[in-house]
Amino acid sequence: YVWSQQFSGGEASLEGKLTSDRQKIISHSRTSQKAIDGGMLDLIHSAAETGTALTQEVLVSITNAARSCLLALVGALCDVHGIEAAVQAITKFQLVPNLPSRDLIAHGSLGEERDMDDWQLPDDFPPHLRERLRNPPVTYDTLTSAVQDSPSEIGGYVFGKHPWLLSESLTHASVTAVSAAYSNERLEWLGDAVLGAVVLRWLFQHQEPPSQQVKAFTDNVCNANLAKVAVERLDVHKRFNTFSTPLLGAIRRFVRELSSGRATVRRGPKPLADCVEAILGAVWIDAGG
């Protein structure tokens, strides 16, 4: 919901703003109040029914119980009936005012490259780097046009409604430093939530002991594992858009180590893991959840 709201203004928010907006919606106090307003207390045998005095401690306990029941209800609906049922419950309890729109459109306006005068480069700045700044390899315009020529498939999924999301998911934040292109930060933020929900649901359905779930969850969603997935399963390194030369070098070294067959390899660059999360976010939106 938070992610989709950006499109009404035609602007993109980065991870910090998205997280702040989300926290306002799912804060402890707000979800507790929505649970009470939605009638969760009617389903709970509260201490008041046993004649216990409603002290401050009891009221806090009842409020926490109402919130916990609401979250458990959403989780149960998601597990048994799928995400649609969970979204309907979230909407019914008015945690969000309306269902997210699925008729998303591309960003409102095309970007423009920055004027070279804005950079105030020193006179001895290397000419070849000056030229790259004047004509950056990736801009919003080139991303938009590239959709027509580049494959709209990754990891076996073919983007049907919004192929431009794939280009955005593969674009590093360094690109936005030299052009008005959008980076993959907001899709990464969304994909992180999707990945966590999917892995947790899988662990729950396979009835892993709680003591093992934490480690299994961490092993699956950690940056080290996602960086390997990016290279070995998605070939992200072949389609990654970045303006950072050091990052490209680190990615090349990581790919070589993976290809060498070594028993242990260094931790992959985090931007590769970010791309996996961004791709998941893009798929989530394109497939309608």
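Heads up, the sequence shown is in UniProt numbering, so the first residue is 1 and it goes up one at a time. Built from N, CA and C at the ideal position, the CB exists for glycine as well. Everything numeric in this text was worked out from a predicted model, so none of it was measured.
Exercise. Exposed or buried, what is ASP192 when buried is set at 16 or more other beta-carbons lying within 10 Å of its beta-carbon?
Worked result: So ASP192 ends up on the buried side.
For this session: List the DSSP bridge partners of THR171.
Result: ASN241
For this session: Go ahead and pull the three-state DSSP assignment for VAL283.
Result: helix
Exercise. When DSSP labels each residue in this structure, what does GLN207 get in the three-state scheme?
Worked result: coil
For this session: Could you tell me how far apart the beta carbons of LEU280 and VAL221 are, in whole angstroms, since I believe they sit closer than 8 Å?
Result: Not a contact, Cβ separation roughly 11 Å.
Problem set entry | Whole-angstrom C-beta distance between ILE36 and LEU95, which should lie under 8 Å | Incorrect: roughly 13 Å between the Cβ atoms, too far for contact.
Exercise. Since GLU153 sits in a beta bridge, which residues does DSSP pair it with?
Worked result: Beta-bridge pairing links GLU153 to VAL158.
Exercise. At which residues does the alpha helix (DSSP H) containing VAL229 begin and terminate?
Worked result: 223-232
For this session: Whole angstroms is fine: what's the gap from ALA173's alpha carbon to GLY261's?
Result: 31 Å
For this session: Excluding the 5 residues preceding and the 5 following ASN223 in the sequence, name in chain order all residues of the same chain whose CB lies nearer than 6 Å to its CB.
Result: LYS270, ALA273
Exercise. Which of helix, strand or coil does DSSP assign to ARG267?
Worked result: coil
Problem set entry | Enclosing alpha helix (DSSP H) for VAL96 [first to last residue] | Run containing VAL96: none; DSSP gives neither H nor E here.
For this session: Could you say if the region 157-170 and the region 281-288 meet the contact criterion of at least three C-beta pairs nearer than 8 Å?
Result: yes
Problem set entry | Residues of its chain near GLU257, where Cβ-Cβ distance is below 8 Å and the 5 sequence neighbours each way are ignored | VAL265, ARG266
Problem set entry | From LYS92, TYR182, CYS78, residue whose alpha carbon lies closest to that of ALA86 | Here the closest residue by C-alpha is CYS78.
For this session: Using alpha carbons as the reference points, say which of VAL231, ARG233, ALA227, VAL198 lies closest to ALA216.
Result: VAL198
For this session: Classify ARG262 as helix, strand or coil using the three-state DSSP reduction.
Result: coil
Problem set entry | Closest residue to THR19 among VAL236, ALA66, VAL80, LEU190 (Cα-Cα distance) | Shortest Cα-Cα distance from THR19 to any of VAL236, ALA66, VAL80, LEU190 involves LEU190.
Exercise. By a C-beta neighbour count over all protein chains shown, 10 Å radius and 16 as the cutoff for buried, is LYS34 buried or exposed?
Worked result: buried
Exercise. Over what stretch of residues does the alpha helix (DSSP H) that includes SER29 continue unbroken?
Worked result: Start and end: 28-37.
Problem set entry | Beta carbon of PHE243 nearer than 8 Å to that of VAL175 | yes
Exercise. Roughly how far, in whole angstroms, is the beta-carbon of LEU41 from the beta-carbon of ALA76, given that I think they are within contact range, below 8 Å?
Worked result: Actually they are not in contact, since the Cβ atoms of LEU41 and ALA76 sit about 18 Å apart, beyond 8 Å.
Exercise. LEU165 and CYS275: beta carbons closer than 8 Å?
Worked result: no
Exercise. Where does GLY82 fall in DSSP's three states?
Worked result: coil
Problem set entry | Where PHE240 falls, given that 16 or more other Cβ within 10 Å makes a residue buried | buried
Exercise. Count the other CB atoms within 10 Å of the CB of SER211; is the residue buried (16 or more) or exposed (fewer)?
Worked result: Under the 10 Å beta carbon count, SER211 is surrounded by fewer than 16 other beta carbons and is classified as exposed.
For this session: On a CA-only basis, which of TRP202, LEU203, SER167 is nearest GLU188? Give me that one, please.
Result: SER167
Problem set entry | GLU153 versus VAL214, LEU247, ARG233, residue with shortest Cα-Cα distance | ARG233
For this session: For THR31, count neighbouring C-beta atoms within 10 Å of its own C-beta (all shown protein chains included) and say buried if the count is 16 or more, exposed if not.
Result: buried
For this session: Output the distance between the C-alpha atoms of ALA72 and HIS206, rounded to the nearest integer angstrom.
Result: 18 Å
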